[in-house]
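Heads up: the sequence lines are chains A and B, in that order. Residue numbering for the first sequence follows the numbering used here, beginning at 6 and increasing consecutively. Residue numbering for the second sequence follows the numbering used here, beginning at 6 and increasing consecutively. Glycine residues also receive a C-beta, built at the ideal position from the N, C-alpha and C atoms. What follows is a short report on a single structure.
Protein chains: 2
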Amino acid sequence: MIKVVRDAWIVTQDPERRIIRGDIVIDGEKIVSVGPKYNGTADVEIEASGDIAIPGLVNTHTHIAMTVMRGAVDDVPFSDFLNRVFTIDSERTDEDIEIGTKLGCMEMIRSGTTTFVDMYYSEDIIAEATKEAGLRGVLCWCVLDEDKTTQKGNPLQNCTRFNEKYKNERKIVPGAALQGVYVCNEETCRATKEYSDREEIPLTLHLSETRGEVNEHRRKTGKRPGEWLAECGIFGERTIAAHSAWMTMHEVRLMAEAGMSIATCPVSNMKLATGGVAPIPEFQEYGVNVSIGTDGSTTNNSLDMFSEMKILGLLQKSSRWDPTVTPAQKLLDFATINGAKAIGMESQLGSIEAGKLADIVILDGKAPNLRPLLPENIVSNIVYSSSSGNVKTVMCHGDMLMNNGNILTLDQGKVMSNAEEMWRALCLR
Amino acid sequence: MIKVVRDAWIVTQDPERRIIRGDIVIDGEKIVSVGPKYNGTADVEIEASGDIAIPGLVNTHTHIAMTVMRGAVDDVPFSDFLNRVFTIDSERTDEDIEIGTKLGCMEMIRSGTTTFVDMYYSEDIIAEATKEAGLRGVLCWCVLDEDKTTQKGNPLQNCTRFNEKYKNERKIVPGAALQGVYVCNEETCRATKEYSDREEIPLTLHLSETRGEVNEHRRKTGKRPGEWLAECGIFGERTIAAHSAWMTMHEVRLMAEAGMSIATCPVSNMKLATGGVAPIPEFQEYGVNVSIGTDGSTTNNSLDMFSEMKILGLLQKSSRWDPTVTPAQKLLDFATINGAKAIGMESQLGSIEAGKLADIVILDGKAPNLRPLLPENIVSNIVYSSSSGNVKTVMCHGDMLMNNGNILTLDQGKVMSNAEEMWRALCLR
């Protein structure tokens, strides 16, 4: 099956960061040609003259099933927020997890995300919903100490079972997660990391989101979380540390030495007012791979990576009084090729190049907010002036998920008709 | 001519901030009924079942004609930014000002803004383009010392001429502007304020955007800009101070005593990394009317008030380590009823109430990013998870500007086909 995207501005994100006007040819799951006019016949013709083709965005930290809890707990002190969300979280059903995931997938498709890294329990329910949506889900079952969880059974065994079941899926990449040092003791951390090493699967964790968790860990262990985790051997090439906001340069260096990635979550950190700002320029300088996550819908409250790129840039520039940090090209890198690297798929994803999987998002080149549109300002327009409303067409792993604004994979009406009832059941008690 | 919006969630922004499910009836320019089912016949039926109707957003600080310069000067040191923008600004033609304005109007319509406060020269060109677009423009001709401007003739005389010509327009509200204390001496400031008082027109100005301008003014006069302007009598009920980022509490109190408004521009301040954060909670506490501006397209680079509301909230919460400041309802107030108050039109605009002008924006209630959608989270969804892509239909002063995503007032193709050529002419030399 041949698909061709015609006459687009192609923001390749290849090693030279080339911007090319031309055609993209997709054969099955893969891109086979980028740029030259395609004179053959195609099974699917995608007219994109003057539109913008970018690699599908990679959201490296979210809790997608929480989408059904959107707007339940805003503008309150952090301790009230935690209490409320933990209560709601512990009372969820398979059905509202499924609907939450599908709603989140719809939102991600509409906003140009084709791959997301999820951290939650019940990832089997989330996997089935994600498969139906057609997105690539890196689904990391959340592990914590058995005496601190509401999960039935042992969390690492649950994680193992999930991984066994989903390890040969086309677009589901199972993984492991550590909820954080506040609920994961050394044994839990080491066992989970050993499992992730043995299976060669991604390992994600919450790291130093708040000052409180850093101080508490120092009080208990004498070490900052990053130091302690490095000593326990938890950091490695497959490790993705979400947030990473309250860091010392010593911790940044330890993370760089491990060759690991972070998923910075600027909107979540700002909305919860947790105070820390991830030291992005230092992460870059020392060689930590920087990627971006939206976090879940109770803390953002959207899953929009376009908005997240812009706000990350604004936060870094404003908090450092330096407009030159995190320029537009870097912000786009974080959301594309660096996201692919974080999940160990940079040879297959994150750019529009022949041989890579066809994860392609097409933005409307006739949208007034993206004009004037020239090679000179196209990256700036994508990062600083686009909106999720500009996304026309989305392809993931060669599959069409949205065409000209129409989602092709899910029964949207059915998903949405259930959403309010579930919100009431979960969030109004 | 009767128009009816059917069965929407109406976010009235009335004094009780009621959210009502029902119909809105518009007779000519004005709203005549909000809520009850309308059983009469209508000339225009707007099916909006389950959609969200909000008052048209009010953007209180922009330079709309600069939209054609989008993405020309990003991620550079502030001094380089100023030099580059001033050079481009001084070489503009009537034609690129017209196209820039129309492009900006298209972007504003698509993102739900129905009223904007503009500060620029050549406001006569901007007025004609704005009339064609159908938006309400509060167009403030920029006054500065005659020896410091590239305007032909005396700026205050230019302003006066413009005001005389446009004072009886239906949707154009002419006004005056002071560029800032760095190019406006006491005589210029006093004469412009006297003119604005005599004509009872809005007066807007740039105030304390950067530390540099504050320090320079103190060096020259011994006073901070806010103190000096208050002493010169420039502050008053019709004064709107844009930015107002580097303020002392003494200045905040002086501004409150004058009964004036500010137009905070969070994205612009963050992107330029000018360091100051407008003290929004203190402005509110002392009684300064807080409204929001996007600033122009070289500093933002969008004109999207949905994004601006969210980012303002994020900046305030994060910079104060307090998630309770600027809650969602307040952010929506800033962008609607407070914007109307800033331009002296709170009895006519800023809420959906019988007797007010019909400035109404309808958001797609079927958009996944706005679901679940209930009275309990509707304001949070508008502020924290909506995007300009959710705007379906826009009405200004009773006129339909966009219907179901189609702009009705401007020849979009013609505007856009000129935009790139003008960008090249202005920004590539």
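State the beta-bridge partners of residue i as determined by DSSP.
| i | result |
| --- | --- |
| L378 (chain A) | Bridge partners of L378 (chain A): none, in fact. |
| C401 (chain B) | B:D404 |
| E50 (chain A) | A:V9 |
| L208 (chain A) | A:A181 and A:T244 |
| N411 (chain A) | A:N408 |
| V396 (chain A) | A:L368 |
Return no unless some Cβ of chain B is closer than 7 angstroms to the Cβ of residue i.
| i | result |
| --- | --- |
| L379 (chain A) | yes |
| R216 (chain A) | no |
| A247 (chain A) | no |
| G280 (chain A) | yes |
| D80 (chain A) | yes |
| K276 (chain A) | yes |
| P286 (chain A) | no |
| N374 (chain A) | yes |
| N173 (chain A) | no |
| A424 (chain A) | yes |
| E103 (chain A) | no |
| G76 (chain A) | yes |
| S392 (chain A) | yes |
Does DSSP put residue i in a helix, a strand or coil?
| i | result |
| --- | --- |
| P60 (chain A) | strand |
| C237 (chain B) | coil |
| M252 (chain A) | coil |
| I267 (chain B) | strand |
| M74 (chain B) | helix |
| C110 (chain B) | helix |
| K35 (chain B) | strand |
| L140 (chain A) | coil |
| D123 (chain A) | strand |
| V388 (chain B) | helix |
| V16 (chain A) | strand |
| G231 (chain B) | helix |
| G318 (chain B) | helix |
Please list the terminal residues of the continuous beta strand (DSSP E) segment that includes residue i.
| i | result |
| --- | --- |
| H222 (chain B) | It is not in any beta strand (DSSP E) - H222 (chain B) instead sits in the alpha helix (DSSP H) that spans R216 to T226. |
| R26 (chain A) | I24 to D32 |
| N168 (chain B) | Unbroken run through N168 (chain B) is the alpha helix (DSSP H), P160 to Y171; no beta strand (DSSP E). |
| L368 (chain A) | I365 to L368 |
| T92 (chain A) | From DSSP, T92 (chain A) is part of no beta strand (DSSP E) but of the alpha helix (DSSP H) over F83 to D94. |
Classify residue i: buried if its beta carbon has 16 or more other beta carbons within 10 angstroms, exposed otherwise.
| i | result |
| --- | --- |
| L319 (chain A) | buried |
| M74 (chain B) | buried |
| F288 (chain A) | buried |
| N88 (chain B) | exposed |
| D152 (chain A) | exposed |
| A359 (chain B) | exposed |
| E256 (chain B) | buried |
| F91 (chain B) | exposed |
| K361 (chain B) | buried |
| V122 (chain A) | buried |
| M254 (chain A) | exposed |
| M6 (chain B) | exposed |
| D79 (chain B) | buried |
| G394 (chain A) | buried |
For a cutoff of 7 angstroms on Cβ pairs, would you count residue i as touching chain A?
| i | result |
| --- | --- |
| K322 (chain B) | yes |
| T329 (chain B) | yes |
| G38 (chain B) | The identity of residue 38 (chain B) in the sequence shown is Ser, whereas the question assumes Gly. So, not an interface residue. |
| K389 (chain B) | As written in the sequence, residue 389 (chain B) is Tyr, which differs from the Lys given in the question. It does: the Cβ of Y389 (chain B) has a partner Cβ on chain A nearer than 7 angstroms. |
| L415 (chain B) | no |
| N382 (chain B) | yes |
| L87 (chain B) | no |
| P332 (chain B) | yes |
| N411 (chain B) | no |
| E112 (chain B) | yes |
| M421 (chain B) | yes |
| N386 (chain B) | yes |
Looking at the secondary structure, which residues open and close the alpha helix (DSSP H) in which residue i lies?
| i | result |
| --- | --- |
| W428 (chain B) | Q417 to C432 |
| I348 (chain A) | Segment: none, I348 (chain A) is in no alpha helix (DSSP H) and carries neither H nor E. |
| S296 (chain A) | Element bounds for S296 (chain A): not the alpha helix (DSSP H) but the beta strand (DSSP E), N294 to I297. |
| D338 (chain A) | A333 to A340 |
| E287 (chain A) | I285 to Y291 |
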